[in-house]
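Top line first, the protein sequences correspond to chains A, B, C, D, E, F, G and H.
FYI, in our numbering the residues of the first sequence are 147 to 212.
FYI, in our numbering the residues of the second sequence are 147 to 212.
FYI, in our numbering the residues of the third sequence are 147 to 212.
FYI, in our numbering the residues of the fourth sequence are 147 to 212.
FYI, in our numbering the residues of the fifth sequence are 1482 to 1739.
FYI, in our numbering the residues of the sixth sequence are 1482 to 1739.
FYI, in our numbering the residues of the seventh sequence are 1482 to 1739.
FYI, in our numbering the residues of the eighth sequence are 1482 to 1739.
Here a beta-carbon is modelled for each residue, glycine too, at the ideal position from N, C-alpha and C.
Remember, predicted model here, so these are calculated numbers, not experimental data.
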Amino acid sequence: MRARVNGAERELSPGMSIGALVNEVAADAKAVAVALNRAMIPRKEWSAVQVQEGDDIEIVAPFHGG
Amino acid sequence: MRARVNGAERELSPGMSIGALVNEVAADAKAVAVALNRAMIPRKEWSAVQVQEGDDIEIVAPFHGG
Amino acid sequence: MRARVNGAERELSPGMSIGALVNEVAADAKAVAVALNRAMIPRKEWSAVQVQEGDDIEIVAPFHGG
Amino acid sequence: MRARVNGAERELSPGMSIGALVNEVAADAKAVAVALNRAMIPRKEWSAVQVQEGDDIEIVAPFHGG
Amino acid sequence: MSDETLQIGELELHSRVLLGSAMYPSTQVMLDCVAASGTEMVTVALRRVSPGAKGESLYELLHRAGVHILPNTAGCYTAEDAVLTAQLGREAIGTELVKLEVIADDQTLLPDAAGLLQAAEELVRDGFVVLPYTNDDPVLARRLEDIGCAAIMPLAAPIGSGLGVRNPHNLSLIKERASVPVIVDAGLGTASDVTIVLELGCDGVLLNSAVARAGDPVMMAQAMRAAAAAGAAAFRARRMPRKYHAEASTPAKGTPWR
Amino acid sequence: MSDETLQIGELELHSRVLLGSAMYPSTQVMLDCVAASGTEMVTVALRRVSPGAKGESLYELLHRAGVHILPNTAGCYTAEDAVLTAQLGREAIGTELVKLEVIADDQTLLPDAAGLLQAAEELVRDGFVVLPYTNDDPVLARRLEDIGCAAIMPLAAPIGSGLGVRNPHNLSLIKERASVPVIVDAGLGTASDVTIVLELGCDGVLLNSAVARAGDPVMMAQAMRAAAAAGAAAFRARRMPRKYHAEASTPAKGTPWR
Amino acid sequence: MSDETLQIGELELHSRVLLGSAMYPSTQVMLDCVAASGTEMVTVALRRVSPGAKGESLYELLHRAGVHILPNTAGCYTAEDAVLTAQLGREAIGTELVKLEVIADDQTLLPDAAGLLQAAEELVRDGFVVLPYTNDDPVLARRLEDIGCAAIMPLAAPIGSGLGVRNPHNLSLIKERASVPVIVDAGLGTASDVTIVLELGCDGVLLNSAVARAGDPVMMAQAMRAAAAAGAAAFRARRMPRKYHAEASTPAKGTPWR
Amino acid sequence: MSDETLQIGELELHSRVLLGSAMYPSTQVMLDCVAASGTEMVTVALRRVSPGAKGESLYELLHRAGVHILPNTAGCYTAEDAVLTAQLGREAIGTELVKLEVIADDQTLLPDAAGLLQAAEELVRDGFVVLPYTNDDPVLARRLEDIGCAAIMPLAAPIGSGLGVRNPHNLSLIKERASVPVIVDAGLGTASDVTIVLELGCDGVLLNSAVARAGDPVMMAQAMRAAAAAGAAAFRARRMPRKYHAEASTPAKGTPWR
């Protein structure tokens, strides 16, 4: 299953949850937020929501900014 | 018949045309424009359009401005 | 004997010393300085120097200044 | 006979007048002025004044300036 | 647009001064200022006619003076009012030109960005040659140009304040991104303000209070004409570089006694 | 001195621009700038003649151009040098006029107050019409006037810097206390600087680098002429008062739909 | 809001300095600047996590430093992106606070007025405490307050330019009409810029480049803390009136020999 | 002189603020301002004693406050008066320090260059530690240093005007050529003026009207202390470079949806 994660195409295991993806992508899931197809997914729904073929996922965290 | 002309209520003869009203109100009809109920009435329609009870008419001309 | 003290003509007892004059004029002789005929008289000479007829004496102290 | 002309040592014929020197040094004597040993020599005295050994002569004219 | 002219829509103006027609001590002084300033375009407002009033003949006076008349939408606080006023101006004067004002509030007399964009868009679509009075925001200026405005008229300072160019940096940013003329409107107070605007590379100025409310309006009009000429020429002549330290103009070479 | 002319000693000039003759790309450009600026007085330095040099004919060129020649004492670091140079200038050019410079040091090219006063005093006594180049100190300006100088020439900024008027407040103070003309010399960089100087009420400017080192000197000379005219007229016209808040130029009375 | 504190939504800050977290030579320098500036609120961006990156722990660092974290929407060019980014920030950090940026273009980095208003409206409706980065247009500032923004963050000059307050007049107009705090964001370059902003009566500043890109960021952070204290105290102390002419401070009375 | 201290003759001061003692609403307010400003040196004038006057105890008050007392020569219009007044001050207070003023005229209260140089020379020869109040002429400043003055005290603007730094360029030129401290005296009006002076690299300020005539003098004294600290730190921290165009502070890398 392919999805776009943080701007890059990526092969993911079918049925993977957002939570699992976050754990894979982020060194530390603390203070992380996720947008799935341009909608924010609250942390409490991460485990329930499965990534679908073609999804566009952004996983972000606080970064140096002005 | 009452209508509002340049912000003031006024008694007009029934069936009066815009053209006639302009002639009455403006010293000189040159460079004058008319709005009837917030729509501009082209000069060529002035004689054809009759003022109706309750109409709101603005008759304007160039004035000192910055 | 007349002398000019701080800009005003004044009658002084003949033979009066600078020191005596300062004590008369200044509430407190501390931090006071004296010019006699536009020359500064050091404090240690005050008692020795006698005022002469027509002398011009300025007795000054620190005052509010910018 | 040696003299300093416009900052440079120069061999001049003995008895040479200022006027003769100017004619030699300046392309055009018009609007020229002369200082001999730091004193201005009026043009009318040029022919009468002879250069002396060791004299310091400046021959100047209007130049581009702000 | 050539260096020498100011192109507004189809018009080619040789003067870089536009003049307002308000607040002169007398109509004659106004006409003398029009002449003295060398302007080719004068703004007017649209106001209610009054029977017997002399005001109506302003059109004829300006027409006879040979200048283009630029109707404004002064006094409009909504896009709708401004569009309607523009249509009245076109009908009254027979010109597609409009100086578009959509004012946000009485206190600042600053433009309302949203209303201005909306009115500009409608008027451009309706065939007007739109000259919008705007603030000095380079972004809004660009939007107005993108919409199809024929020129951009940013302010120097609030209307009638005479404070001069408050933010030359913004005017420069506007100009460097604009391909239509930039005509600075509002807030100019004296001749040097005009020279500065033109030196920034802007294309023209619209003046009213600075002339009409000067001690001697006609002489000020004359000053403004010269000031615009000075600024435009200085811009084209490319000024000398600034130096932090002194640099002799007279060469030292050939200095006597050295 | 009338409003219209600039009086220097016996001379009545109609132009408020004095021009330096240094640093032009060519002699022809210099002459074109003289013409374009409308100046009636041009400064020159005194330098050693060199056999065969073209420099000598500067006098004739300027003479033919019909302008007054104002010899300076550029390059003088002492009162004595300056006095002697002034005498050479008078003899060479046949004029009592002298632009007096007594420079303190190479780095700042600022005037040396003490030397300037001393030289001015000697030259005035000797019958010269002295125009001293001075800093913007109102006290020194007054001393120079008291000594009998024919004009005061304060700087706007260091020579050749082109930084414009660094301290308008001081120029105003100088002007309000002066009864001889105040001609701002040094540091002006572009046309608006000139307009500002004249709007402060000063009587004229002396320009060199700003013109000679512009991209297009002749066009800048023309700009300067207009800038001076603009500033002088604006000063006489008395500018409008400044307002902190906006003030409508178009009257609200008669606005439709209100 | 008392004179002594800066109220943002429910928060009462005792420091008037907000600090950005970008561009420091190192994370340690950033933390030292946070401490030295005395700030109680630090901005962060939201960016993609990268596996193994150190960036992720910024949250923890700032949390441990005891400051409020203010997520921004930097990099958003549409209202939609900005709203979504604000939601991500709220979720990631657990704060209702958002510094709202809707940028018009890469070149100017100026806010897009229309997009900003739209995003602000949505976010206020959604319960955010919105601090919008805006230009210095008093009209837009008022609209943002009317919408319910918790503060107004006008720029001093373009982001990262360090040019200081380009238009103090506009900042004054914004402040005098605002009933929420005015925090000047963007364009400040050094300590005196901060003092000037506070003296205008504004309530705070948001600094980043001026600190992070100074030669010695920590010392500059310290300077900024003092500068804000100085400006706030000077504003409350009400400065002396300006005089055109000199006025003796030392009284003449009692001067000897007079 | 280290970065941290202000060295005047033998003294090492840790505060960069010198304070005048005139014009406070009350003696208590003066003392509170001395404390709040953190100053270590306060100026006084020499005036005729009057029997029973409270004025005499100023010395004791300041002495008890633990500050150095700096007698001035305010009110002196000639070198001779100034020298004599300096001698009276030394005798009265027991200090070699003197703030030397030789004023040219009542109207400008500007220094008389010639008299100032003459008096400074005599006083230095007589062992005084001379701090001359001077204009902002870099040449005069250099002369005063050459004579042996312990510091240079150029003005920002006329005494008591509160106009702030009229010519930062000149103060920079003075500072870059000086090897003694430069303490800006006269004309400062508010905290940002002080910050600006220190950011120019100057070493200190002498304040009087700006504090004494503020609405709340004690709060302004506090503001001035912070302002000096801010300016000194900002100078040492080396400010960021200025950019004409915007430059993002938040990096674009990692922005979602791009």
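Inter-stretch contact at 8 Å, needing at least 3 Cβ pairs: the segment 1602-1612 of chain F / the segment 1621-1637 of chain F: yes
At least one CB of chain B closer than 9 Å to the CB of Thr-1508 (chain F): is that the case?
no
Run through chain F and tell me which residues come within less than 9 Å of Ile-205 (chain D), C-beta to C-beta.
Arg-1529, Val-1530
Query raised in the report: Is there contact here, the segment 1613-1630 of chain F with the segment 1648-1667 of chain F, by at least three beta-carbon pairs under 8 Å?
Result: yes
- Message: Within a Cβ cutoff of 8 Å, which residues of the same chain sit near Met-1705 (chain G), ignoring the five residues on either side of it in sequence?
- Response: Val-1498, Ser-1518, Ala-1672, Val-1675, Val-1686, Leu-1688, Ala-1691, Val-1692
> If we count Cβ pairs, one from each stretch, closer than 8 Å, do we get three or more for the segment 1641-1652 of chain H versus the segment 1634-1650 of chain F?
Replying inline: yes
**Contacting positions in the segment 1536-1561 of chain E - beta carbon closer than 9 Å to chain J** = Although the question refers to chain J, the structure presented lacks it and instead comprises the protein chains A, B, C, D, E, F, G and H.
Sort out for me which residues DSSP pairs Ile-1584 (chain G) with in a bridge. G:Pro-1592
message: Counting only C-beta atoms, is Asp-174 (chain B) closer than 9 Å to chain E at any point?
response: yes
- Query: Is Glu-1485 (chain G) helix, strand or coil when you go by DSSP?
  - Reply: coil
Report task. Look at the alpha carbon of Gly-1536 (chain F) and the alpha carbon of Asn-152 (chain D), and state the distance between them as a whole number of angstroms. Result -> Because Gly-1536 (chain F) carries a pLDDT of 48, less than 50, the predicted location of this residue cannot be relied on, and no value is offered for it.
Could you please give the first and the last residue of the uninterrupted beta strand (DSSP E) stretch that includes Asp-174 (chain B)?
Premise fails: Asp-174 (chain B) is in no beta strand (DSSP E) and is neither H nor E.
Report task. Under 7 Å between beta-carbons, which chain F residues line up against Thr-1589 (chain H)? List them in chain order, please. Result -> Pro-1619, Val-1620, Leu-1654
* Asked: How many Å lie between Ala-1516 (chain F) and Ala-1546 (chain F) at the Cα?
  -> 8 Å
Using the rule of at least 16 other Cβ atoms within 10 Å of the residue's Cβ for burial, across every protein chain shown, is Glu-157 (chain D) buried or exposed? exposed
Quiz item: What is the residue span of the beta strand (DSSP E) that Arg-1545 (chain H) lies within?
Solution: Here Arg-1545 (chain H) belongs to no beta strand (DSSP E); instead the alpha helix (DSSP H) covers 1539-1545.
| task | Please list the partners that Arg-1647 (chain G) has in chain E, where partner means a Cβ-to-Cβ separation under 9 Å. | result | Arg-1647, Asn-1648, Pro-1649, His-1650, Asn-1651
request  = Tell me, please, which residues DSSP counts as bridged to Tyr-1614 (chain F).
outcome  = F:Met-1634
Cα-Cα separation, Leu-1598 (chain F) to Ile-1640 (chain H): 25 Å
| query | Is the Cβ of Pro-1505 (chain G) closer than 9 Å to any Cβ of chain F? | reply | Looking at the sequence shown, residue 1505 (chain G) is not Pro but Tyr. Closer than 9 Å: no.
Quick check on DSSP: helix, strand or coil for Gly-1536 (chain G)?
With a pLDDT of 48 at Gly-1536 (chain G), under the threshold of 50, the modelled position of that residue is not reliable, and the figure given next carries that caveat. Three-state DSSP puts Gly-1536 (chain G) in a helix.
- Query: Would a C-beta distance cut-off of 9 Å place Ala-132 (chain B) and Ala-179 (chain B) closer than the cut-off?
  - Reply: Because chain B spans 147 through 212 in this model, residue 132 (chain B) falls outside it and cannot be assessed.
* CB-CB under 6 Å to Asp-202 (chain A), same chain, minus the five flanking residues each way: which ones, in chain order? -> Arg-150, Asn-183
Sequence-distant residues of the same chain with beta carbon closer than 7 Å to Leu-1542 (chain H), five excluded per side
Thr-1508, Leu-1512
DSSP beta-bridge partners for Gly-1522 (chain E)? The sequence given here has Met at residue 1522 (chain E), not Gly. Met-1522 (chain E) is bridged to E:Leu-1499, E:His-1549.
Worksheet item: Using the beta-carbon of each residue, which ones in chain H are nearer than 7 Å to Leu-1581 (chain F)?
Response: Under the 7 Å cutoff, chain H gives no residues; its nearest Cβ is about 16 Å from Leu-1581 (chain F).
(Q) Any beta carbon from chain B within less than 9 Å of Glu-1572 (chain E)'s own beta carbon? (A) yes
Next on the checklist: Taking the straight line between their C-alpha atoms, what separation do you get for Val-1548 (chain F) and Lys-1580 (chain F)?
Outcome noted: 15 Å
- Under the assumption that Met-1445 (chain E) contacts Ala-1637 (chain F) (Cβ atoms under 8 Å), give the Cβ distance between them as a whole number of angstroms. Lying before the first or after the last residue shown, residue 1445 (chain E) is absent from chain E, which here runs from 1482 to 1739.
Open item on the list: Between Val-1665 (chain F) and Val-1678 (chain F), how many whole angstroms is the CB-CB distance? I'm expecting something under 8 Å.
Closed with: 5 Å
**Other residues of its chain near Tyr-1540 (chain F): CB distance less than 8 Å, five sequence neighbours each side excluded** = Val-1525, Ile-1550, Ala-1573, Ile-1574
Identify each residue in the segment 1510-1527 of chain F for which the Cβ-Cβ distance to at least one residue of chain D is less than 8 Å, and report them in chain order. Met-1511, Thr-1524, Val-1525, Ala-1526, Leu-1527
request  = Identify the contact partners of Asp-1593 (chain E) in chain G, using a Cβ-Cβ distance below 7 Å as the criterion.
outcome  = Val-1620
| said: Short of 7 Å in beta carbon distance, which residues of its chain neighbour Ala-1585 (chain E), apart from the five on each side in sequence? Order them along the chain. | reply: Leu-1591, Pro-1592, Asp-1593
* Determine the direct distance from the alpha carbon of Pro-1635 (chain E) to that of Leu-1487 (chain E), and round the result to whole angstroms. => 16 Å
Looking at the strands, I want to know which residues DSSP matches up with Leu-1578 (chain F).
F:Val-1610
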